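Line order of the protein sequences matches chains Y and F. According to our numbering, the first sequence holds residues 735 to 819 in order. According to our numbering, the second sequence holds residues 16 to 578 in order. The beta-carbon is built from N, C-alpha and C at its ideal position, and this holds for glycine as well. Here the structure is a predicted model, which means the values were calculated and not measured. Heads up, the thing below is written out as structure tokens.
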Amino acid sequence: MSNKDLNQYWKTNLKYLIILLSIWFTVSYGCGILFADALNGIKIGGFPLGFWFAQQGSIYVFVVLIFVYVNLMNKLDKKFDVDEK
Amino acid sequence: MTVQIWTFIIVGLTFFLYIGVAIWARAGSTKEFYVAGGGVSPLANGMATAADWMSAASYLSMAGLISFMGYGGAQYLMGWTGGYVLLALLLAPYLRKFGKFTVPDFIGERYYSKTARLVALLCAILVSFTYVVGQMKGVGVAFARFLEVEFATGIFIGIAIVFFYAVLGGMKGITYTQVAQYCVLIFAFTVPAIFISLQMVGNPIPQLGFGGTMADGTYLLDKLNQLSTDLGFAEYTSMGMNDRINVFFITASLMLGTAGLPHVIVRFFTVPKVRDARKSAGYALLFIAILYTTAPAVATFARTNLIQTVSNKSYSEMPTWFKKWEESKLITFTDKNNDGRIQYVADKGKNELVIDRDIMVLANPEIANLPAWVIALVVAGGLAAALSTAAGLLLVIATSISHDLLKKNLMPNISEKGELTAARIAIAVAVVGAGLAGLNPPGFVAQVVALAFGLAASSFFPAIILGIFDKRMNKEGAIAGMIVGILFTAAYIWYFKPQLGGPGTPEGYWFGIKPEGIGVLGMLLNLVVSLVVSRMTSEPPQEIQELVEDIRIPRGAGAATGH
């Protein structure tokens with residue numbers, strides 16, 4: 735694999751990381767902590783929304799984020815032909 | 016049948032299961048002993064990681080803590096799960112590609128330095144040992160209370176079981192036993208939660224149930240908020256008495272600590288491929304999430320049940336569970352106004368009831384009048400949680416000694432067979448040592464666990480991340496960063512923890528940050544020091560820069576090797 739390709743592969747990986755970790759931060763620290771009070775004004779069923787994000791929602795999002803990353807990277811590995819045979 | 020007989024039967028059966036699995040999964044080589052031969056499927060590894068990660072604290076204490084903290088309990092829920100995102104995205108695949116046995120292995124090779132390896136080795140042993148002592152104590156307590164044996168006897172039974180499968184099977188035995196333990200503990204945690212959810216809100220899914228309505232048509236959480244405020248407590252679902260800055264910092268510190276704990280990281284060396292390491296972190300979090308999303312539901316149910324059962328009720332009419340826990344002094348009632356009724360209120364001067372938070376999970380099935388076998392199941396689950404975590408930690412200690420210290424430092428010519436024997440002896444000594452320490456636990460064990468997270472966050476996490484993402488990082492930067500990060504964090508915790516003999520008071524907290532949350536600042540300090548020092552010193556050798564480029568791409572990940 736050429737250096738140029740390697741750079742491109744790594745840059746795309748970093749782009750994925752930045753996007754996914756921004757979501758990770760926004761959901762847990764944003765919705766679950768910093769803006770929890772404001773979101774508590776909204777209710778979904780019996781759950782105040784800020785409370786729901788802090789004790790439920792953020793955990794679901796964490797799980798989804800990892801599987802999204804796994805899929806993105808598997809595709810990227812194939813595209814750059816660096817996947818494991 | 017009584018709870019005690021049920022407990023004997025269920026705990027006995029689970030122990031037979033663990034021993035059977037251990038005999039089936041014996042280790043024959045160092046590779047099997049350290050990383051289970053590197054052939055564990057991502058799904059099985061996910062389950063084993065989940066059991067390894069969820070300790071007696073997650074299983075027995077967390078729901079109780081949340082039920083007394085309300086919203087603020089989120090710091091544990093998010094803190095102990097969010098770290099897996101960091102692990103999966105920033106660490107696991109690269110460490111798997113690197114393909115060695117231990118965390119000190121990575122630090123030592125990436126920073127081409129025996130000093131770095133030794134610093135990492137000492138941190139790994141310290142962090143793991145403080146953790147494991149607490150687990151052994153948990154095992155002793157669970158046995159003592161439910162099998163009515165002496166505390167010491169309980170610990171000895173625990174030592175014997177862990178000794179058997181850890182010494183025999185190493186990582187291979189431990190991994191497959193943990194898969195069995197995960198099944199036991201998750202079943203035992205969710206079954207009572209489902210029963211109680213059906214009872215209270217008629218919904219079999221606890222995660223949805225605690226947002227549901229009760230028989231009288233009001234939402235359960237609204238009802239609980241009302242009950243809490245009526246008694247002078249803060250609203251259950253709002254920030255209340257928790258201060259935002261500490262919820263923020265403690266959450267972050269637990270997340271970073273999770274991603275830096277050696278017994279978690281080493282898990283990702285056991286799968287065959289890089290893409291398995293990524294996927295395995297996802298499975299691990301999925302399996303952990305089943306417990307972590309059930310726990311806040313359990314907390315809400317338990318809190319509501321508790322208040323409704325005791326508040327302003329006549330003491331003489333209390334159910335048997337109340338009397339039973341009163342005997343063990345974990346519930347105390349003093350009738351201050353002599354009216355024969357229980358006043359459970361926020362005002363300390365008027366409050367008559369004190370409840371130990373740790374009993375909530377164990378007492379919950381009794382409070383909800385569930386059958387005796389469910390209670391016995393909860394005990395078996397607690398033991399599974401404690402034993403699986405203890406085994407994983409002990410393995411880290413043993414590998415640090417036999418592999419990193421003996422093989423890589425003191426006796427480089429030791430044979431494979433000799434190293435395996437050394438690993439077995441090391442793990443045997445570690446099990447017995449941890450058991451004895453658990454017998455006479457230093458009073459500050461709980462405090463030291465906070466230290467373990469802080470240390471992991473402020474030492475390993477930045478050193479590993481920079482080792483992967485910053486090609487220019489050299490040994491001077493990494494060592495300086497680790498030392499500054501650790502010393503700063505340890506000093507802050509010592510200074511502000513009176514239990515450790517420190518002189519500080521809460522008024523002196525920097526930016527109001529509690530010692531439990533300081534690992535974040537330690538981590539940032541480590542990052543800054545590492546970057547500055549590395550840019551002022553010479554760049555790492557060419558072969559190290561090539562190594563970094565190599566671990567960034569998945570292809571060519573062979574099996575983990577020790578040579």
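Using a Cβ-Cβ cut-off of 7 Å (strictly less than) and excluding sequence neighbours within five positions of residue i, which residues of its own chain qualify?
i, result
"F/Met-93", "Thr-266"
"F/Lys-112", "Val-289, Ile-566, Pro-569, Ala-572"
"F/Val-18", "Ala-387, Ile-390, Ala-391"
"F/Tyr-507", "Pro-530, Ile-533"
"F/Phe-248", "Ala-361"
Spatial neighbours of residue i within its chain, please: CB distance less than 6 Å, with the 5 preceding and 5 following residues excluded, ordered by chain position.
i, result
"F/Glu-163", "none"
"F/Val-154", "Gly-173, Ala-401"
"F/Ile-140", "Ile-412, Ser-415"
"F/Ile-280", "Val-118"
"Y/Phe-787", "Cys-765, Gly-766"
"F/Gly-275", "Ala-471, Ala-472, Phe-475, Phe-476"
In whole angstroms, give me the CA-to-CA distance for residue i and residue j.
i, j, result
"F/Ile-479", "F/Val-148", "27 Å"
"Y/Phe-812", "F/Gly-571", "First, the amino acid is wrong: residue 812 of chain Y is Lys here, not Phe. Each residue's Cα considered, the two are about 14 Å apart."
"F/Val-393", "F/Ser-76", "13 Å"
"Y/Ile-800", "F/Phe-210", "31 Å"
"F/Leu-410", "F/Ala-66", "14 Å"
"F/Gly-364", "Y/Ile-776", "36 Å"
"F/Ala-317", "F/Lys-351", "25 Å"
"F/Val-446", "F/Phe-178", "6 Å"
"F/Thr-324", "F/Tyr-524", "39 Å"
"Y/Trp-744", "Y/Tyr-803", "14 Å"
"F/Leu-615", "F/Gln-193", "One cannot answer for residue 615 of chain F here, as it falls past the ends of chain F, which runs 16 to 578."
"F/Ala-37", "F/Ala-437", "20 Å"
"F/Leu-368", "F/Asn-384", "21 Å"
"F/Leu-79", "F/Ala-314", "For clarity, residue 79 of chain F is Gly in the given sequence; the question names Leu instead. About 6 Å."
"Y/Asp-817", "Y/Asn-808", "7 Å"
"F/Phe-511", "F/Ala-135", "25 Å"
Here's the rule I'm using: 16 or more other beta-carbon atoms within 10 Å means buried, otherwise exposed. How should residue i be labelled?
i, result
"F/Gln-560", "exposed"
"Y/Ser-792", "buried"
"F/Met-16", "exposed"
"F/Gln-347", "The displayed chain sequence assigns Thr, not Gln, to residue 347 of chain F. It is exposed - the Cβ of F/Thr-347 has fewer than 16 other Cβ atoms within 10 Å."
"Y/Gln-748", "Reading off the sequence shown, one finds Leu at residue 748 of chain Y, where the question assumed Gln. Per the 10 Å Cβ criterion, exposed."
"F/Asn-455", "exposed"
"F/Trp-39", "exposed"
"F/Pro-555", "buried"
"F/Gly-123", "buried"
"Y/Ala-772", "exposed"
"F/Glu-342", "exposed"
"F/Leu-306", "buried"
"F/Val-499", "buried"
"F/Thr-308", "buried"
"F/Asp-291", "buried"
"F/Ser-73", "buried"
"F/Ser-253", "buried"
"F/Gly-217", "exposed"
"F/Met-497", "buried"
"F/Ile-25", "buried"
For residue i, name the three-state secondary structure that DSSP assigns.
i, result
"F/Ile-559", "helix"
"F/Tyr-91", "helix"
"F/His-578", "For F/His-578, the predicted model reports a pLDDT of 46, less than 50, meaning its position is unreliable and no value from the coordinates is stated."
"F/Thr-228", "strand"
"F/Tyr-524", "coil"
"F/Ile-429", "coil"
"Y/Phe-814", "coil"
"F/Phe-116", "coil"
"F/Pro-513", "helix"
"F/Tyr-234", "strand"
"F/Met-151", "helix"
"F/Leu-276", "coil"
"F/Tyr-126", "coil"
List the DSSP bridge partners of residue i.
i, result
"F/Ser-579", "This structure gives no information on residue 579 of chain F, because the portion of chain F shown stretches from 16 to 578."
"F/Val-369", "F/Thr-347"
"Y/Phe-781", "Y/Ile-778"
Apart from the five residues just before and just after residue i, which ones in its own chain have a Cβ nearer than 8 Å to its Cβ?
i, result
"F/Val-206", "Val-389, Leu-392"
"F/Ile-176", "Phe-30, Tyr-33, Ile-34, Leu-402"
"Y/Gln-790", "Phe-781"
"Y/Thr-746", "Leu-810"
"F/Gln-222", "Thr-308, Thr-309, Ala-312"
"Y/Asn-741", "none"
Taking 8 Å as the cut-off, is the beta-carbon of residue i closer than that to any non-hydrogen atom of the ligand SAM?
i, result
"Y/Asn-774", "Here there are no bound small molecules, and the ligand SAM is not part of this structure."
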